[in-house]
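K.L.:
In my numbering, the protein residues as written are 128 to 449.
Sharing a structure here in structure tokens format.
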Ligand code: ADP
Ligand code: F6P
């Protein structure tokens, strides 16, 4: 028989993402509405091990839906990767009478949730990352805001790049995933996109492309480079030397992880937060919530972690074609 859930905890872990606050708010208010008590665990698994645990009321999450970052804070915690750390975390949950935890984070955070579940604490994961690199879901909390932030910044760089007839390399986030770069490639009309999943380091192709475009009369050349490839500044120097065209690098960096979430991130994060509480109340544990083909769904964590995601070939082709 499923264990009765009376008190749930919520934590954010790994890199933060706009919309995490909307998810926290939805978890807290749904749980309260269902008659549960709620505890906020600060700074991810590190805060759990340090017992940084606070009671959450409806008012604790007032005025946060529009705020970027996470009011609970986030951290990376090596101790939680050890069996001892994980057992200690589960014991602390029991001490605070926490029966289940909603974990908002990425793949690494799901591993932590899985460990807690093995140690007797019910867990549900929510996909919180700007990278969109979680295989079991078409949507992750924060991607929409991040890609809009990057798109707006790239538009601005493009203005000045055209005025000066320069080539611009703009580096967007994505250490292992090229989704922000792919989306900006299409949304900003970039001439080249370099994705970690696809790039073959053939710089000569890019150089040839720049020279050909200049001959056709193009006044700018925008290259969107994903962080996973990096080296934008040295690439700019080499391209300028090879083409004779002034070339500048802009690294957008952490601005992409902050800022007020878009309507989509507020909306989806809110539904996912409520959904997490409701499936936990149905007795589910060791699950992650996703969004696929227009529906909110959930998967066993191990199954979700074993799924693979790759850049869609057709979308990549269209990005290059346009
Ligand atoms: P993300 O959740 O964004 O993928 P990380 O990979 O940094 O970010 O993971 C966040 C935290 O989750 C780590 O600092 C650690 O506390 C916990 N974690 C990661 N991997 C594991 C694991 N294999 N076992 C238990 N906890 C883990
Ligand atoms: O949040 C995702 C991400 O932005 C990745 O693209 C990047 O690899 C990582 O976070 C960098 O985060 P940090 O510098 O906090 O480790």
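For each residue, glycine too, the CB sits at the ideal point set by N, CA and C.
#1: Since residue 296 and residue 359 are thought to touch, with beta carbons under 8 Å apart, how far apart are those beta carbons, to the nearest angstrom?
#2: Compare the Cα-Cα distances from residue 228 to each of 441, 206, 408 and report the closest residue.
#3: Are residue 145 and residue 231 closer than 9 Å when you measure CB to CB?
#4: Let's test the definition: count the other Cβ atoms within 10 Å of the Cβ of residue 362 and tell me whether it reaches 16, buried, or not, exposed.
#5: Between residue 435 and residue 373, is the Cβ-Cβ spacing less than 9 Å?
#6: Residues in the same chain with beta-carbon distance under 8 Å from residue 309, minus the five sequence neighbours each way, listed in chain order, please.
#7: So residue 250 packs on residue 404, CB below 8 Å; how close in whole Å?
#8: Express the C-alpha separation of residue 419 and residue 395 in angstroms, rounding to a whole number.
#9: For residue 458, collect the residues of the same chain with a Cβ closer than 6 Å to its Cβ; drop the 5 residues on either side in sequence, then sort them by chain order.
#10: With DSSP as the reference, please indicate the residues paired to residue 422 in a beta bridge.
#11: Fully enclosed by the region 321-402, which alpha helix (DSSP H) runs are 4 residues long or longer?
#12: For residue 182, count neighbouring Cβ atoms within 10 angstroms of its own Cβ and tell me buried if that reaches 16, exposed if not.
#13: Contact defined as beta carbons within less than 8 Å: I believe residue 248 pairs with residue 204. What is the distance between those atoms, to the nearest angstrom?
#14: Checking 9 Å against the spacing of the C-beta atoms, do residue 225 and residue 393 come in under that value?
#15: Does the Cβ of residue 204 lie closer than 8 Å to at least one heavy atom of ligand 4?
#16: Any heavy atom of ligand 2 inside 8 Å of the beta-carbon of residue 258?
#17: Per DSSP, residue 249 is paired with what?
#18: Hey, would you say the C-beta of residue 213 is under 8 Å away from at least one heavy atom of ligand 1?
#19: Along the chain, where does the alpha helix (DSSP H) that runs through residue 174 open and close?
#20: Compute every distance between the C-beta of residue 402 and the non-hydrogen atoms of ligand 1, then say whether any falls below 8 Å.
#21: CB of residue 238 to nearest heavy atom of ligand 1: below 8 Å?
#22: Within the continuous alpha helix (DSSP H) that includes residue 212, where are the two ends?
#23: If I'm right that residue 346 touches residue 289 with Cβ under 8 Å, what's the distance once you round it to whole angstroms?
#24: Just to confirm my understanding: we take residue 176, look at its own chain, exclude 5 residues before and 5 after, and list those with CB closer than 8 Å. What are they?
#25: Less than 8 Å between the CB of residue 426 and some heavy atom of ligand 1, yes or no?
#26: Apply the 10 Å Cβ neighbour rule to residue 170 and answer buried if 16 or more other Cβ atoms are within range, or exposed otherwise.
#27: Any heavy atom of ligand 1 within a distance shorter than 8 Å of the CB on residue 447?
#28: Which two residues bound the contiguous alpha helix (DSSP H) that contains residue 313?
#29: Hey, residue 273 and residue 300: beta-carbon distance below 9 Å or not?
#30: Please confirm whether any heavy atom of ligand 1 lies closer than 8 Å to the CB of residue 234.
#31: Comparing alpha-carbon positions, which option in 160, 315, 313, 237 lies nearest residue 417?
P.N.:
In short:
#1: 5 Å
#2: 408
#3: no
#4: Burial call: buried.
#5: no
#6: 320, 322, 438, 442, 443, 446
#7: So it is not a contact: roughly 12 Å between Cβ atoms.
#8: In a straight line, the C-alpha of residue 395 is about 12 Å away from that of residue 419.
#9: Since the first and last residues shown for the chain are 128 and 449, residue 458 lies out of range.
#10: 419
#11: 330-342, 359-370
#12: exposed
#13: Not quite, the Cβ-Cβ distance comes to about 16 Å (not below 8 Å), so this is no contact.
#14: No; because the gap between Cβ atoms is not below 9 Å, this pair is not in contact.
#15: Among the ligands present in this structure, namely ligand 1 and ligand 2, ligand 4 is not found.
#16: yes
#17: 227
#18: yes
#19: From DSSP, the alpha helix (DSSP H) with residue 174 extends over 171-176.
#20: no
#21: yes
#22: 210-222
#23: 5 Å
#24: 204, 206, 207, 212, 215, 216, 219
#25: no
#26: buried
#27: no
#28: 306-314
#29: Their beta carbons are under 9 Å apart, which means residue 273 touches residue 300 by this criterion.
#30: yes
#31: Of the listed residues, the one whose Cα sits closest to residue 417 is 237.
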